[in-house]
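Below: one structure, written as structure tokens.
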Amino acid sequence: MSGKIKLINENGLRVDGRRPNELRPIKMEVGILSNADGSAYIEQGKSKILAAVYGPREVHPRHLALPDRALLRCRYHMAPFSVEERKSPAPSRREIELSKVIREALEPAIFLEKFPRTSIDVFIEVLQADGGTRCAGVTVASLALADAGIPMRDMVVACAAGKVDGVIVLDLNDLEDKEGEADIPVAYMPNLGLISLLQMDGILTIEEFNQALNLAIEGCKQIYRLQKEALKAKYVAIKEEVEETCLQ
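Okay, here's the thing in structure tokens:
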């Protein structure tokens, strides 16, 4: 399948001009929805995703409440206009699966036991998709949880690595994801050194797998720094606003 399209040229550059170990350009912003307890936005390449967090709050319906911890619920959804061919607004099987995958990637990071009989609801809306949306969804959801003040062991950050034209590459775009030979999404907690999500699609040798996994973790560490900068930027702006108000 990868033979149909040349994804890496003779200079070792990918279709979007990146080298194999380079991330796509990333932009993050925190606290952009006033009606949510926490919110964040990410642009990773051409992918654009918004996340909102509500809670901890009373569970509805009440019979779903857990006596010893909070119930974490995630909804990953792609807007009908997020892809080239308009998709149905109804949840697809893939969206239901990714909602579960993202929830399970986030759960280990959150002190759910501190909020029994409550729910924490995470909504992830893909506004524009160009590959890597599950990983960007984890990253932006974690940022929104932090913005909501949810106690966490560490922020979760996710990035994928894969194999394209026989080369191990970082942060696959949509074309590379579809036409490449393998894809490994990884969610990671850098301060704890723990992996909370590891999936694989395709075929790799053990050596290639280890190389891709290590590359994905390095990508996670780079994105983690951007997460912290985005959080810091929000509170620096709040501090400056308060100081300006006090001077008036």
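Under the numbering used here, the first residue of the sequence shown carries the number -12, and numbering increases by one thereafter.
Note that the Cβ used here is the ideal one computed from N, Cα and C, for glycine as well.
Quick caveat, the model's predicted, so the values are computed rather than measured.
Item to check | Span of the alpha helix (DSSP H), counted from its first residue to its last, around A217 | outcome: I193 to L234
Checklist entry - Given that a residue counts as buried once 16 or more other Cβ atoms are within 10 Å of its Cβ, and exposed if not, what is N160? => result buried
Checklist entry - What is the rounded straight-line gap between the Cα of E230 and the Cα of K221? => result For E230 and K221, the distance between alpha carbons rounds to 14 Å.
Checklist entry - Can you tell me whether D188 is buried or exposed, with buried defined as 16 or more other CB within 10 angstroms of its CB? => result exposed
Checklist entry - Run through DSSP, which three-state label would R44 get? => result strand
Next on the checklist: Taking 7 Å as the cut-off, is the beta-carbon of E91 closer than that to any non-hydrogen atom of the ligand ZN?
Outcome noted: This structure lacks the ligand ZN; in fact it carries no ligand of any kind.
Item to check | Under 8 Å between C-beta atoms of D141 and A96 | outcome: For the 8 Å CB-CB criterion, D141 and A96 form a contact.
Checklist entry - Can D170 and G32 be called in contact, C-beta distance under 8 Å? => result no
Checklist entry - Does DSSP put S34 in a helix, in a strand, or in coil? => result strand
Next on the checklist: Report the start-end ranges of each beta strand (DSSP E) in the region -4 to 28 that is 3 residues or longer and not cut off at the edges.
Outcome noted: With a minimum length of 3 residues, the continuous beta strand (DSSP E) runs that stay inside the region -4 to 28 are 13 to 17.
Item to check | Residues bridged to C61 [DSSP beta-bridge criterion] | outcome: V109
Next on the checklist: If contacts are defined as beta-carbon pairs under 8 Å, then I111 and V88 qualify, I think. What distance do you get, rounded to the angstrom?
Outcome noted: Not really, about 11 Å apart at Cβ, beyond 8 Å.
Item to check | Given Y41 as reference, the closest of R5, R1 and S21 once Cα atoms are compared | outcome: S21
Checklist entry - What's the C-alpha gap between N201 and P48? => result 42 Å
Checklist entry - From S(-11) to F102, what does the alpha carbon distance come to, in whole angstroms? => result For S(-11), the predicted model reports a pLDDT of 41, less than 50, meaning its position is unreliable; a value from the coordinates is still stated below. For S(-11) and F102, the distance between alpha carbons rounds to 48 Å.
Next on the checklist: Between the alpha carbons of A23 and V109, how many angstroms are there, rounded?
Outcome noted: 10 Å
Item to check | Y211 vs G124 beta-carbon contact at 8 Å | outcome: No, the pair does not count as a contact, with Cβ atoms beyond the cut-off.
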